[in-house]
Amino acid sequence: MTKEWNTLIEPNFAQDIGLDFAETLVPLKDIQYLAIHHTESQGMDALEAHRFHREARKWAGIGYNYFIEEDGAIIKGRGCYVGAHVYRYNRVSLGIALSGDFDSHYPTEAQMESARKLCLFFMKQCNLQSSQIIGHREFPDVSKSCPGRNFDMDGFRNWIEQTRLVNR
Ligand SMILES: [Zn+2]
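Residue numbers (the numbering used here): 64 to 231.
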């Protein structure tokens with residue numbers, strides 16, 4: 064439950080629902096990638112994902128750093144502390160999960176808007192390029208389709224790149 068001090072700034076638009084972690088969380092020091100995930104199951108909210116990861120997986124708690132509900136609400140998971148979402152890359156990446164199974168349906172517009180907002184916030188803070196936004200399936204040796212076949216990673220990166228240029 065206790066946490067070490069972290070120098071990264073949490074986005075003030077993420078809701079803290081007070082998730083309780085079973086172990087001390089370690090601050091993220093170096094964010095090189097923003098890793099995009101889906102929950103693989105429709106209707107799973109942040110609290111359910113937290114309970115599932117903590118009780119079934121026996122992790123400290125929710126593995127994702129941030130969680131985006133179907134209605135677009137951005138929920139703080141581990142925040143700027145090391146998560147559990149991409150094997151071997153947890154210490155250098157921030158995991159953003161969207162609720163849903165995007166092998167069978169599509170993310171909502173509100174979810175995509177929130178994902179973009181969150182990515183832009185960390186790109187600015189950590190000096191990242193849109194090429195550093197990576198779908199889980201794009202990491203080495205990953206066989207799953209995460210964040211789902213219907214989640215167009217190139218389209219998402221292009222959209223973010225255009226927004227970034229407009230706002231510069
Ligand atoms: Zn994933």
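For glycine and all other residues, C-beta sits at the position ideal for the given N, C-alpha and C.
Residue span of the beta strand (DSSP E) that contains residue i, given as start and end
i: Lys139; result: 137 to 139
i: His113; result: It is not in any beta strand (DSSP E) - His113 instead sits in the alpha helix (DSSP H) that spans 109 to 114.
i: Gly124; result: Note, Gly124: premise wrong, no beta strand (DSSP E); not H, not E.
i: Gly158; result: 156 to 161
i: His46; result: Outside the shown range of the chain, which is 64 to 231, sits residue 46, and nothing can be said about it.
i: Leu97; result: 96 to 101
Rounded Cβ spacing between residue i and residue j (contact assumed at less than 8 Å)
i: Leu82; j: Gly124; result: 6 Å
i: Ala77; j: Tyr129; result: 6 Å
i: Phe184; j: Leu191; result: Actually they are not in contact, since the Cβ atoms of Phe184 and Leu191 sit about 11 Å apart, beyond 8 Å.
i: Ser177; j: Ile131; result: 5 Å
i: Gly135; j: Thr102; result: With a Cβ gap of about 15 Å, Gly135 and Thr102 do not count as contacting.
First through last residue of the alpha helix (DSSP H) which encompasses residue i
i: Ser177; result: 172 to 189
Own chain residues within Cβ distance below 7 Å of residue i, not counting five before or after
i: Met64; result: Confidence is the limiting factor: at Met64 the pLDDT is only 49, short of 50, which leaves the residue's position unreliable, though a coordinate-based value still follows. Asp83, Phe84.
i: Met107; result: Ser162
i: Ile223; result: Arg179, Cys182, Leu183, Ser193, Ile196
i: Glu86; result: Ala123
i: Gly200; result: Position check: residue 200 holds Arg in this sequence, whereas Gly was assumed. Result list for Arg200: Lys207, Ser208, Cys209, in chain order.
Helix, strand or coil at residue i [DSSP, three-state]
i: Gly218; result: helix
i: Ile223; result: helix
i: Met64; result: Confidence at Met64 is low in this model, with a pLDDT of 49, below 50, so the placement of that residue should be treated as unreliable; the coordinate-derived value is given next. DSSP places Met64 in coil when its eight states are reduced to three.
i: Leu228; result: helix
i: His199; result: helix
Nonlocal neighbours in the same chain, by C-beta distance under 6 Å from residue i, ignoring five residues either side
i: Asp166; result: Ser208, Gly211, Arg212
List in chain order the residues whose CB is within less than 5 Å of at least one heavy atom of ligand 1. His100, His199, Cys209
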